[in-house]
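Okay, so here's the structure we're looking at.
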Amino acid sequence: MDITEILRMNAELSLAAVFVLMFLLDLFLPAQQRHWLRPMACILLAVQLLATLWPEETVLFGGMYHSTPMASVLKSILSIGTLLVFLQAGTWLDRDDTRHKQGEFYVLTLSTLLGMYFMVSAGHFLLFFLGLELATVPMACLVAFDKYKGHSAEAGAKFILSALFSSGIFLYGISMIYGTVGTLYFADIPAALTGTPLQILALVFFFSGLAFKLSLVPFHLWTADTYQGAPTTVGAYLSVISKGAAAFALMAILTKVFAPMTEQWSQMLCIIIVATITVANLFAIRQNHLKRFMAFSSISQAGYILLAVLSGTPQGMASLVYYIVVYIVANLAVFGVINAIEQHTHGKVCREDYNGLYQTNPRLTMVMTLALFSLAGIPPFAGFFSKFFVFASAFHSGYYVVVFIALVNTIISLYYYLLIVKAMFIVPNETPIATFRTAAPMRLSLLACVAGIFVLGIVSSIYQLLNDTALL
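Quick note: our numbering has the sequence shown finishing at residue 481, numbered continuously throughout.
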């Protein structure tokens with residue numbers, strides 16, 4: 010293999026170059042010039058995104074690295090989501106206690122994104138595990154970023170302990186796979202799978218390891234505490250970018266590596282989907298703290314994402330990627346509003362704090378309302394179409410009962426999303442949050458999210474493009 014073949018890993022190499030540049034800037038930039046870190050991070054990531062926008066298929070290192078066109082599309086989507094997170098992080102990072110750590114935030118975030126790139130392009134379980142750990146360990150540092158404030162240190166401890174256990178379970182599963190088939194290459198494993206008890210146990214352990222990353226029931230118990238304690242910007246990144254990469258990797262491995270065992274993993278997924286959506290919805294109703302509320306919302310959304318995984322078809326893959334991009338813009342809009350209000354009010358994140366918000370901050374209220382409507386699946390917003398496509402993919406594969414239960418749970422989710430809308434528009438408040446103006450980067454991020462909520466639902470060619478890419 011010569012250097013020209015290695016350069017075909019253009020997405021990973023370009024992101025690694027951005028990582029190195031940001032590390033050097035953080036290391037050598039004088040203190041009075043550190044305000045340039047955020048614009049430089051956004052510009053470099055935007056250039057990296059434009060340089061890797063064209064999807065292509067690449068196989069390197071004897072099949073250990075296998076990037077498909079759909080994986081290339083997902084990498085671009087994850088980069089766009091990370092760019093939006095960078096735009097939202099400005100007010101938080103400009104605080105006196107975090108200003109000196111701006112560079113660390115960008116370096117850690119870029120390293121997690123690089124790990125997710127390797128996850129979605131892995132063709133070998135060891136490369137996949139390296140990508141998984143590269144995405145997880147720096148994330149624990151991000152969760153504990155405000156270690157001297159609130160419950161950030163506790164959240165980081167819970168996250169890293171959960172990650173350790175899930176990684177151990179995952180490694181145990183792939184060791185069983187190697188013991189029964191003698192290889193860890195994705196392309197070679199299916200021919201040797203016969204559905205023996207040890208292979209079924211390996212499948213369960215592998216799935217359990219990723220279920221922790223996706224916050225699926227019953228592997229979700231760390232999620233609410235972590236989201237509450239982590240900085241809001243980090244919670245936003247964890248809820249959408251990390252979850253999107255894990256969901257894509259899960260579907261790719263189940264449909265390719267464990268294809269001969271479809272009957273076993275489809276039964277397991279049906280149980281997990283019903284439990285995840287139902288439990289998350291019931292607990293979300295009881296939440297008053299908005300970051301804990303969004304944690305259970307993200308658990309519920311992961312259950313809906315699994316409907317696309319359950320179908321195991323190219324239509325399901327297109328639906329999954331479409332759901333991820335819609336979920337990114339809607340969820341980041343909600344977290345952006347929570348972040349803006351939290352920074353302005355020095356910590357107000359409970360639902361009653363939003364009573365009467367429309368009287369003083371109508372624009373933020375409208376952004377929050379549109380995003381919640383999209384998450385709830387109300388037409389004509391993009392969230393309605395994303396749910397429709399994942400329901401359709403599972404329905405076409407014959408999972409009628411699971412789709413029906415998911416539809417019933419959608420009605421429950423309408424109730425708890427509308428509780429926040431009711432608080433902002435209807436519930437009176439003698440001392441509502443004072444009128445304030447958000448920073449320009451935050452406004453740009455929220456504008457992009459709102460545009461995505463409308464455009465992704467109206468422009469049908471976006472889903473068609475994803476569907477065509479999935480068939481390549």
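Ideal Cβ placement from N, Cα and C applies to all residues, glycine included. These figures come from a predicted structure and were not determined experimentally.
Let me know if residue i comes out buried or exposed under the rule of 16 or more other beta-carbons within 10 Å of its beta-carbon.
| i | result |
| --- | --- |
| Thr354 | exposed |
| Gln276 | exposed |
| Leu426 | Before going on, a small fix: residue 426 reads as Tyr here, not Leu. Buried, by the Cβ-count rule. |
| Val29 | exposed |
| Ser117 | Residue identity differs from the one stated: residue 117 is Leu in this sequence, not Ser. Leu117 should be labelled buried. |
| Asn297 | exposed |
| Val417 | exposed |
| Ile169 | buried |
| Asp477 | exposed |
| His75 | buried |
| Val56 | exposed |
| Thr91 | buried |
| Phe171 | For clarity, residue 171 is Ser in the given sequence; the question names Phe instead. Answer is buried; the Cβ neighbour count reaches 16. |
| Ile89 | buried |
| Gly407 | exposed |
| Phe445 | exposed |
| Gln208 | buried |
| Pro240 | buried |
| Ser161 | buried |
| Gln324 | buried |
| Pro206 | exposed |
| Ala20 | buried |
Measure the C-alpha to C-alpha separation of residue i and residue j and round it to an integer number of angstroms.
| i | j | result |
| --- | --- | --- |
| Ser328 | Thr440 | 44 Å |
| Lys431 | Thr419 | 18 Å |
| Ile198 | Ser217 | 19 Å |
| Ser85 | Thr61 | 7 Å |
| Ser175 | Leu219 | 7 Å |
| Tyr409 | Pro64 | 34 Å |
| Phe397 | Leu223 | 21 Å |
| Ser120 | Leu46 | 16 Å |
| Phe302 | Met125 | 26 Å |
| Val346 | Met451 | 9 Å |
| Lys300 | Asn438 | 21 Å |
| Ala1 | Val399 | In the structure as shown, the chain begins at 10 and stops at 481. Residue 1 is therefore absent and cannot be evaluated. |
| Gly238 | Leu230 | 14 Å |
| Ile314 | Phe37 | 43 Å |
| Arg360 | Arg295 | 11 Å |
| Phe70 | Thr447 | 48 Å |
| Leu123 | Ala144 | 7 Å |
| Gly183 | Phe138 | What sits at residue 183 in the sequence shown is Ile, not Gly. Whole-angstrom Cα-Cα distance: 10 Å. |
| Thr287 | Pro227 | 12 Å |
| Asp103 | Glu272 | 52 Å |
| Ala164 | Ile12 | 43 Å |
Going by C-alpha to C-alpha distance, which of the options sits closest to residue i?
| i | options | result |
| --- | --- | --- |
| Gln111 | Met375, Ile314, Ala40 | Ala40 |
| Val152 | Lys222, Leu139, Gly244 | Gly244 |
| His133 | Trp274, Ile262, Leu225, Thr369 | Ile262 |
| Phe482 | Gly466, Phe400, Ala211 | With the chain represented from 10 up to 481, any question about residue 482 goes unanswered, as that position is not in the structure. |
| Tyr82 | Phe394, Asp35, Ile333, Val411 | This sequence places Val at residue 82; Tyr is not what is there. Considering only alpha carbons, the answer is Ile333. |
| Thr232 | Phe137, Ala311, Leu58 | Ala311 |
| Ser402 | Tyr331, Arg104, Pro78 | Tyr331 |
| Leu423 | Phe445, Ile387, Pro206 | Ile387 |
| Arg17 | Leu34, Ala25, Val68 | Val68 |
| Leu96 | Ser454, Gln473, Ala25, Leu474 | Ser454 |
| Ala149 | Thr203, Glu66, Pro206, Tyr246 | Tyr246 |
Cβ of residue i within 7 Å of Cβ of residue j?
| i | j | result |
| --- | --- | --- |
| Val129 | Ala50 | no |
| Leu259 | Leu319 | no |
| Asn290 | Ile414 | no |
| Phe179 | Lys265 | no |
| Val249 | Asn340 | yes |
| Thr242 | Asn348 | yes |
| Ile467 | Phe390 | no |
| Val94 | Leu53 | no |
| Lys156 | Asp234 | no |
| Val459 | Val335 | no |
| Ala307 | Ala293 | In the sequence under discussion, the amino acid at residue 307 is Ser, which differs from the Ala named in the question. No; because the gap between Cβ atoms is not below 7 Å, this pair is not in contact. |
| Ala201 | Val213 | no |
| Ile471 | Leu480 | no |
| Leu136 | Met73 | yes |
| Thr374 | Leu366 | yes |
| Gly392 | Leu381 | no |
| Met270 | Gly177 | no |
Give the DSSP bridge partners of residue i, in chain order.
| i | result |
| --- | --- |
| Ala131 | Tyr74 |
| Leu247 | Note: Leu247 sits in no beta bridge, so no partner. |
| Thr67 | Ser76 |
| His298 | Cys359 |
| Tyr313 | Beta-bridge pairing links Tyr313 to no other residue. |
| Met194 | Residue identity check: residue 194 is Tyr in the sequence provided, not Met. According to DSSP, which records beta bridges pairwise, Tyr194 is partnered with His133. |
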